[in-house]
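Here is the structure we will look at, set down as C-alpha cells.
Protein chains: 4
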Amino acid sequence: MRNYGDMDFSHSARSDRLLEQLRDFVETRVTPAVEIVAGERADNPGVPPVTTERLIAEAKNAGLWNLCVRHADYGPGLLFAEYAQLAEFMGPHPLAQEVTNCDAPSNINGDAMIAYGSPEQKGRWVEPQLDGQIKSAFAMTEPAVASSDAANLATTAVKDGDHWILNGRKWYVSGVLHPKCAYMMTVANTADHGPPHGRHTQFILPVDTAGVTVVRNLPKFGYFDEDGHVELTLEDVRVPDANVLGEVGGGFAIGQARLGPARVQHCMRIIGIAEEALRLMCERAPTRSTFGVAVSTRSNVMDWIGEARIEIEAARLMVLRTAWLMDTQGDKASAPHMSQIKVQVVRSATTVVDRAIQVFGAAGVSEDTPLARWYAMLRSLRIADGPDEVHLMGIARRELRRHA
Amino acid sequence: MRNYGDMDFSHSARSDRLLEQLRDFVETRVTPAVEIVAGERADNPGVPPVTTERLIAEAKNAGLWNLCVRHADYGPGLLFAEYAQLAEFMGPHPLAQEVTNCDAPSNINGDAMIAYGSPEQKGRWVEPQLDGQIKSAFAMTEPAVASSDAANLATTAVKDGDHWILNGRKWYVSGVLHPKCAYMMTVANTADHGPPHGRHTQFILPVDTAGVTVVRNLPKFGYFDEDGHVELTLEDVRVPDANVLGEVGGGFAIGQARLGPARVQHCMRIIGIAEEALRLMCERAPTRSTFGVAVSTRSNVMDWIGEARIEIEAARLMVLRTAWLMDTQGDKASAPHMSQIKVQVVRSATTVVDRAIQVFGAAGVSEDTPLARWYAMLRSLRIADGPDEVHLMGIARRELRRHA
Amino acid sequence: MRNYGDMDFSHSARSDRLLEQLRDFVETRVTPAVEIVAGERADNPGVPPVTTERLIAEAKNAGLWNLCVRHADYGPGLLFAEYAQLAEFMGPHPLAQEVTNCDAPSNINGDAMIAYGSPEQKGRWVEPQLDGQIKSAFAMTEPAVASSDAANLATTAVKDGDHWILNGRKWYVSGVLHPKCAYMMTVANTADHGPPHGRHTQFILPVDTAGVTVVRNLPKFGYFDEDGHVELTLEDVRVPDANVLGEVGGGFAIGQARLGPARVQHCMRIIGIAEEALRLMCERAPTRSTFGVAVSTRSNVMDWIGEARIEIEAARLMVLRTAWLMDTQGDKASAPHMSQIKVQVVRSATTVVDRAIQVFGAAGVSEDTPLARWYAMLRSLRIADGPDEVHLMGIARRELRRHA
Amino acid sequence: MRNYGDMDFSHSARSDRLLEQLRDFVETRVTPAVEIVAGERADNPGVPPVTTERLIAEAKNAGLWNLCVRHADYGPGLLFAEYAQLAEFMGPHPLAQEVTNCDAPSNINGDAMIAYGSPEQKGRWVEPQLDGQIKSAFAMTEPAVASSDAANLATTAVKDGDHWILNGRKWYVSGVLHPKCAYMMTVANTADHGPPHGRHTQFILPVDTAGVTVVRNLPKFGYFDEDGHVELTLEDVRVPDANVLGEVGGGFAIGQARLGPARVQHCMRIIGIAEEALRLMCERAPTRSTFGVAVSTRSNVMDWIGEARIEIEAARLMVLRTAWLMDTQGDKASAPHMSQIKVQVVRSATTVVDRAIQVFGAAGVSEDTPLARWYAMLRSLRIADGPDEVHLMGIARRELRRHA
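Protein chains in written order, with numbering that gives the first Met the number 0: chain A, 0 to 403; chain B, 0 to 403; chain C, 0 to 403; chain D, 0 to 403.
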C-alpha cells in the first residue's frame, strides 16, 4: 500500500481493491501490449489499433472502465479521493489511461457534458463516449492572445436563425487527431458587451463540420502527441442551437467548472510520473560510477533524491486534500486548492524529472527513458490550463482579502 | 477554524475546544503581559518574573497546562495530531509557550525523562518540572566537531566507583540561563570502542554541579536568547549513577528518541510563525506604495504571497501526517517523516519570512517586526538538530534501498 | 596578484603598488590592533580610540590615506578601477577602512560634497573630513514610507528668512554615533508640487543642531553598528541657507549622484567579503568530518565551493567593468551598470556567505566567525540603497525600451 | 557596437570590421536563404543543398570563411577574444555558422587536427575540411558508462600489425549525418593498465570504414539534429597506424585539449542565444495583455527581464576573460576558467530561455519560436562536454588546494 492509503481521508477499501485489480490488469495485459499498439498505429495511422480495442473490451469486462467518472449514473461513482491513487498509478503509463477510458481530454469533457448537457446531448455524445465508441477534443486556447485572461477570447459565434456561425482560430486543441474523435467542446464569444464572464458560450462542435480545418499538429519541445495538439481554423462554421452546451452566455462558467477537475486529475497523474522519475533515478544512480564511486553515494545526488521524496509527499498530500475537499464540499469551494496544486505539483514534478535527467546523463535527454518527454509535458503545463503566475495571483488576492 | 481542522486525521473536538480556550487566554491575559514581563526581566535578571508566575497559575487553573505532554499520566494526554494546532497557535507568541509549560527544551526533555527515567528520577526531576517549579536544559552539540555525526562526540564520562566523571565542552546548550533551570540532559561517551551508537550515555546533570562552568552565551545572527544558548565546560564533573538516564550505552537511542518529537514540535510552531509572517506581509503590502501603486498589486509580491500560501499548506499537511503517524504507529516508524519535515518546514518558513522582510523594507531587518529574529532562528535550525544535508542523506539512503 | 589584476582595464602599476603597501600596513599594523581598539571603544564609548588615531597618523604618513577619493585635488586621484582591488582587500577587514579614511558613509559624502559643495562648504566640512578630524552621516530613508520611491519623501524644509526649518523623521541614518560625526547630509522636500524629482533639496545639517533628536539605534538582524543606524526626529530644525548643498530643488539629483558610487564601493568591498567567506569555507571543510569522510569531499559542498568561485569571478568582472565605465564615461552613463551590480553582487555574496555558514554549522551563526554578521549586512543591502526589485525594474524598462 | 566591444581586452578594429561585414552578409544573403535550404534538404536528403554551397562560395569570396580557425596558417588567425563577438552574433542563427565553416564539431576537430596531426593527416583531412569539401564528427561518449570519467572508456583498439582493430559502441556522435562527413575523431582504449589518462588514443576514423554501423539518430528532448547525434557500433573496425592522431596513449590529452576550446566556442554562441531570447521576450511582453495590462508592466516579468540582462552581462564578461586568457596564456592555463563558463553560461542561458518561454505561453513550447529548441539544446549541454557537477568538482578541488 502507498503511504497515503493509510490516511483516513483517502482510505477506501473499494479504491484499494480497484488499485490491486488495475495493477494486475496493467502489468499482465496492458504493459506487454504497448509495443504492439505502437506498431499497429504506425502501420495504420488514423485507425483505432485492434489491440487497444481488445484491451478496452477486457477492461470493461474487468470492471476497470470509466474509473474517472464521478457521476454514479455514468460510471463507478468513485470519489475523487478514491480515484487519486488509480490516476497516480496510471499516470506514467503510456496506454493504461486510454484502455480504461480515463484519458484526457475526453474524460473531463465527459464530466462537463454530464453536468451541463441536455438529455439529447447526453444520448448523442456522452453515452457513446462512455461506451468507448467516440472520443472528444477541447478547443479553448487561441494563438493571437494571452488565453489565460478569458476576456481576450477572440473566436466569435453569431446567431443565424436556429444556428450559430463560428469564426476564429484555436490552437493546442488536444485530442482532435484521435481516430475516434467525434466532437470538440469549443468556446466562443456570443456577446460583444456585458460582463466578460457572461459573453462566452460552449458549443459541441462535430469535428467533421464544414469550415473546421486542421492547420497543423503542434509540438511541445519537439514532441508531437499522437492524438494531437492541433491548430485549427473555424471559418463560417454552422452549429445548430441543439449543440449549445448549457446556457448561452454560460460558457465561461462551464469552462472553469471543466478545467478545475481536469487540473486535479492532471496533478494526480503527475505525482505518478514524479514517483516513477524518482524510481528511475534511484535505480540508475548506483549503476553509474565516476572517479571510483557510485553516483548514488555522492551527496549532491543524495540531496536531489531526498528533496524529491519530500516534494512528492507534499504534492500528494496537497492533491489528496484537494480531492477530499471536492468530494465533501464541492468543486467550487475547492477552487483555491486546485490553483495551489496546479502550481505546486507541476513545479515539483518538473524539478524531480529534471534531476533524474541529470543523473541519467545523455540517456536522460534521449528517448531511452521517458524523462525528457515528461519534462516537455510538465514544462508545458506551467503554461497550459492557466500559467503559474495567473494562479499565484488568484491565491495572493485571496490572501490579501483575508488579511485586509 | 483552520483549514486542517476539517481533515479527519486531525479533527478532534477536544483539540478544537482547547484551541478556543487557549486563544482566549492568550489574547486576553498573556499578550497584554508581554511588555510587563520584559520589564520585570530587565529589572530583575535571573529571577522568574512575577507576572509570568501569575500567568502560569492562571494557565494551570484554566486547564491550559502541559498541553504538550503526551503521556496521559503526566498531562492532558493529547495526541500529537491534536497538539499540532495548539503548538502552531503558540508558535509565534513570545510568552504563550512558557506560561503553558510547553517551552523548549524542557517540554521535550520531560517527554524523554517520562519515557526513560526511573521512578526516582521522575519524582526528583520530572514532577517538579511538570509542576512548573524547575526547568531543564539540553547539552549535546560540541564546538570542536561536526555534531551531526554521533561518532564525533568528544565529551567523556569515566566510571569512578558509583559515580561518573565527565569532561568536555558543549555549546549551544539551550535553557541553562532560565532562572529555574535545575538540570541538563547531557550526553557523553562512556565507551572507547564498540559500535558508535552504543558508546553514548545520557546523564541528568544538575546545573550547580561543581566543574560545570558557563563560558558565554552564544548568539544566533546577533540575537541572544534570554534562556541562553551557552557554551560550557565540564571539568571533572562528578555525577552519581542515579543520574544515568536509561541504560549505560543507551544514550544515542535516547537522544534520537528525544530529538524526533522535538523536531516535530519545532515544525508545528514554525508553521505558526510562517502564517504570521504571511499575515504581516499581507497587511503591510497594501499600505506601501511605490511609483504610484500599492506594493500588494505588484505581481512579484503577489507571486511571493501565493507561493507562501502553498508552502505553508504543504508544510502543515506534512506535519499533520507525521503527527498522525506518531500517534498511530509510534515515533520510530515515523522517523523518516520527521526528517522530511525537519528539512521542508524549516526551508519553507525561511523563504516566507525572508520575503516578508523584503516587503517590509528596512523595518523588516529591524526589531520593529519579529521577522529578522524569526529568520535568525529559522536559518539556525537548518543547522541545529541535524543539518538539512544529513537528513536528506538519510531520506535518500532509504529511497535507494527501497529501489535497490 | 589577483586574477583581475591581469586585465587591461584594471591593470595599473600604481594600484598594484598601493595594494602591496596597504596589505603590508594592514597585516603588520592594523590587524594586530583590532582587539585593542575594541577594548578602547568599550572602555571609553563616544571617544575616538587612541589606537585608531595612531593608525590614522601612520596611514597618512604611509600615503595610504583617502584612497577612495577620486578627485585629484583632494586625494590620490585613483581611478575607480584602480581603487577596486584596494576596496576589495579592505572589504572584510573590521578596521582597515576607517584608518585609511575610506569608511562609509563619510567616504561617499565627501565625494558628493566635493562635486556639489561651495568653496565655503568645502572648507568648513570637506577639508576637516578629508583630514580625519570629522566624520559625517547620511539621512535619507524614512520609516513611514517606501523610500525607494523618491516621491514618497515626507520630511519637509520650509523657508524662513535666510534659514530653512526642517521637520520629519529619518531612520537607518548611518554614521551619526561615530564620535567624530559632525554633520549629516539630509534630504527634505522644499516644494509641494512640480515634478517629483525637482522637489528635494540636500542640506548639510550639523548633528548638534537644536531639534535633532536621536531616538534609538536600529539593528540589522540583531547586530548594532557602533557608528549607528539610528532613527532620529527633526523638529523645527533651523538650517541656514549656507548649508544648502547644491541647488534648491537639486536634492534628488545629488542623492542619486551620491548613491551610485556608494553602491559601487559597497560592491567592491562585498567581493572581498565573499572571497573571505569562500576562504573560510575552504579552510573549514577539510577539518570537519561526518560519517567517516571530510566535509570537503562531499559533492554538495564541492558544488557550493565551485559555484562560489564562479559567482565571485562574475561579480568582480561586473564591478570592474562598471568602475571602468565610470572612469571613462562618467557616473551617469554607468548608472544602469551600477544597478546591475547592486543586485548581482549582493545576491551572489549573500549566497556564498549563507553556504559558508552551513559548512561551519553552529559556529557559522555565532560570533566566532564574521559570517553571520556579514549575512545580516548583505541581506539588509538587498533592501538598502534601493531594493533589488526597484533596480530590476529600472533595468527591465531600459531593455524594453531598447527592443520597442 | 556591443557593450563589450568597448573593453580594452576585447576591442579590436579587425574584429569590429569583420562583425560589420558578417552582419551585412548574414542579413542580406543568409537569412533570406534559410527556408530555401530547408526545402532543399527535405527534397534531397543526404545531399549538400545547392544554396548552402552557393553561400559558402560567397562567404569565401567575402573573407568570411574559417573565422573560427585560430591558427594563422589555416585561417584568418583571429584571437579568441576577437572571434567572441562573431561567434555570439552567429550563435542563434540556423545557417550562418555552416556557411562560414564555423559549425561544430568540424570547427573544433579542425583545431585539434592542426595541433596534433601529421603533415599527411593535415593534407588528407584538414585541408579539404578547411576548404569546405568535407566535414567531420566526434565520437567520445558511450552509452554504457558515465563518460564524464575518462577511466570509464569502454571502446578498445587492439594492435594488429600496422593496423588497429576497434570495437565498441558510441552515442551522441555529432556530425555523422552531414552529407559531407568524411571522418570521425574517435577515442579508444589502447592499454589495459597504466595510469588511466595514458590509456586512450585518438583515431581518425573514416566514416565509410567497414564495421562502422550507425544504429540510430538520437534526439534531445524530441529534437533531432539534421547532422545527427547518432548511436553507432564499431565491430572489428580496422584503422591503419597512419590514422592515429598524435601519440598512442595521448588520446586523453588531445581530447581535453579539443574539448576546452569547444566549450568556449559553445559559450560564445550561447550568449548570442540568450541575447536573442531576451530580445524575443522584450518584444513579446508589451504585445500581450492579461487583465487589462500589458505583461511587460508586470513586475515579475520585469524581474525576469532585469535578471536576464544581468546574467547575460556576467556571462559575456566571463567568456571574454576566458578567451583573453587563452589568447595570452594558452588554453591549458585557462582550463579552470573554461570550466567556470561551461557551468555558468549554460545555466544562465537556460534560465533566460525558460523565462522567455513562460512569457510566450503556448507559442514558447511550439516551433513558432526557436525557444523550446534552444532550451533542449541548453539543457542537454548541462550534461554534454562534462556535466555541471564534474566541472564544479574540479573548480572546488582547485579552491580547496589553494586554501589548504
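Just so you know, even glycine gets a beta-carbon here, dropped at the ideal spot from N, CA and C.
At a CB-CB cut-off below 7 angstroms, which residues of chain D make contact with C/H402? For C/H402, the residues of chain D that pass the 7 angstroms Cβ criterion are R278, C281, E282, in the order they occur in the chain.
Please report the Cβ distance between B/D240 and B/D161, rounded to the nearest whole angstrom; I am assuming they are in contact, meaning their Cβ atoms lie under 8 angstroms. Sure, about 5 angstroms apart at Cβ, within 8 angstroms.
Is the Cβ of A/S347 closer than 8 angstroms to any Cβ of chain C? No, its Cβ sits nowhere closer than 8 angstroms to a Cβ of chain C.
Where A/Y3 falls: helix, strand or coil (DSSP): Since pLDDT at A/Y3 reaches only 35, below the 50 mark, its modelled position is unreliable, and the value read off the structure follows with that caveat. DSSP, read as helix, strand or coil, puts A/Y3 in helix.
Thinking C-beta only, is B/Y182 closer than 8 angstroms to B/V164? Note on residue identity: the sequence assigns Ile, not Val, to residue 164 of chain B. Not a contact, by the Cβ cut-off of 8 angstroms.
Nearest residue (CA-CA) to D/Y472, options D/T140, D/E19, D/P44, D/H192: The structure shown does not extend to residue 472 of chain D, since chain D is modelled only from 0 through 403, so no value can be given for it.
Taking contact to mean at least 3 C-beta pairs separated by less than 8 angstroms, is the stretch 199-216 of chain D in contact with the stretch 183-191 of chain D? As far as the Cβ criterion goes, the stretch 199-216 of chain D touches the stretch 183-191 of chain D, which means the pair count is three or higher.
Apart from the five residues on each side of it in sequence, which residues of its chain come closer than 7 angstroms, Cβ to Cβ, to B/W64? The residues are A58, T99, N100.
Can you list, in chain order, the residues of its chain with a C-beta nearer than 7 angstroms to that of A/S105? Leave out the 5 residues immediately preceding and following it. Taking C-beta separations shorter than 7 angstroms and ignoring five residues to either side along the sequence, the partners of A/S105 in its chain run Q128, K134, S135, G174, following chain order.
Could you tell me whether the Cβ atoms of A/A156 and A/I269 are closer together than 8 angstroms? The answer is no: Cβ separation not under 8 angstroms.
Measure the alpha-carbon distance for D/D302 versus D/V351 and round it to whole angstroms. Separation of D/D302 and D/V351 (C-alpha to C-alpha, rounded to the nearest whole angstrom) is 11 angstroms.
Of all the options D/H265, D/P75, D/I113, D/D330, which has the alpha carbon lying nearest to the alpha carbon of D/G90? Selected option, being the one with the closest Cα: D/H265.
Could you work out which residues of chain A lie near D/L148, taking near to mean beta carbons separated by less than 7 angstroms? Note on residue identity: the sequence assigns Asp, not Leu, to residue 148 of chain D. What D/D148 touches in chain A: T289, F290.
When you check each C-beta in the stretch 217-229 of chain A against every C-beta of chain D, which residues fall closer than 9 angstroms? Closer than 9 angstroms at the C-beta level to chain D, one finds these residues of the stretch 217-229 of chain A: L217, P218, K219, F220, G221, Y222, F223, H228.
Go through its chain and collect everything with a Cβ distance to A/L277's Cβ below 8 angstroms, but skip five positions before and after it. So the qualifying residues of the chain are I304, A307, R308, I311, V351, A355.
Find out if the Cβ-Cβ distance for the pair A/L85, A/L66 is shorter than 8 angstroms. Note that the C-beta distance between A/L85 and A/L66 is below 8 angstroms.
Should D/Q120 go down as buried or exposed, given a rule of 16 or more other Cβ atoms within 10 Å for buried? Label assigned to D/Q120: buried.
Please list, in chain order, the chain D residues whose beta carbon lies closer than 8 angstroms to that of B/S298. Simply R297, S298, N299, V300.
Looking at A/S288 and D/A153, is the spacing between their C-beta atoms short of 8 angstroms? With respect to A/S288, D/A153 sits apart: the two C-beta atoms are not nearer than 8 angstroms.
A/Q328 (DSSP reduced to helix, strand or coil): Three-state DSSP puts A/Q328 in a helix.
Less than 8 angstroms separating the beta-carbons of A/F79 and A/D326? Yes. Within cutoff.
Helix, strand or coil: how does DSSP classify A/S298 here? Correct three-state label for A/S298: helix.
Tell me where the beta strand (DSSP E) around D/I203 begins and ends. From DSSP, the beta strand (DSSP E) with D/I203 extends over 199-205.
Given that a residue counts as buried once 16 or more other Cβ atoms are within 10 Å of its Cβ, and exposed if not, what is A/D353? Buried, by the Cβ-count rule.
Name the chain D residues that come within less than 7 angstroms of A/S338, Cβ to Cβ? Chain-ordered listing is empty here: chain D has no CB closer than 7 angstroms to the CB of A/S338, the nearest sitting near 15 angstroms.
Under the rule that 16 or more other beta-carbon atoms within 10 Å means buried, what is B/D191, buried or exposed? Label assigned to B/D191: exposed.
When A/D384, A/E34, A/V358 are compared against A/T296, the one with the closest alpha-carbon: Nearest C-alpha to A/T296: A/V358.
Looking at the secondary structure, which residues open and close the beta strand (DSSP E) in which C/P104 lies? In the DSSP assignment, C/P104 falls outside any beta strand (DSSP E) and carries neither an H nor an E.
For B/L21, which residues of its own chain have a beta-carbon under 7 angstroms away from its beta-carbon, when the five flanking residues on both sides are left out? Answer for B/L21: L63, L85, F88, listed in chain order.
Where does A/K59 sit, in a helix, a strand or coil, going by DSSP? Under the three-state reduction of DSSP output, A/K59 falls in the helix class.
Neighbour flag for A/I253 against chain B, beta carbons, 8 angstroms: Contact of A/I253 with chain B is not assigned, every C-beta pair being separated by 8 angstroms or more.
When we look at the beta-carbon of B/T321 and count the other beta-carbons within 10 Å, is it buried (16 or more) or exposed? With 16 or more neighbouring CB atoms inside 10 Å of its own CB, B/T321 falls in the buried class.
Supposed contact pair D/R257 and D/G110 - C-beta distance, whole angstroms, cut 8 angstroms: In the sequence on display, residue 110 of chain D carries Asp and not Gly. Yes, they are in contact, since the Cβ atoms of D/D110 and D/R257 sit about 7 angstroms apart, within 8 angstroms.
Proximity test, Cβ basis, 8 angstroms: D/E81 and chain A: D/E81 has a beta carbon lying at 8 angstroms or more from every beta carbon in chain A.
Over the uninterrupted beta strand (DSSP E) stretch that includes B/G248, give me the two end residues. Where B/G248 is concerned, there is no enclosing beta strand (DSSP E), because DSSP gives it neither an H nor an E.
A/C281 versus B/A403 - alpha carbon distance: Between A/C281 and B/A403, the alpha-carbon positions lie close to 8 angstroms from each other.
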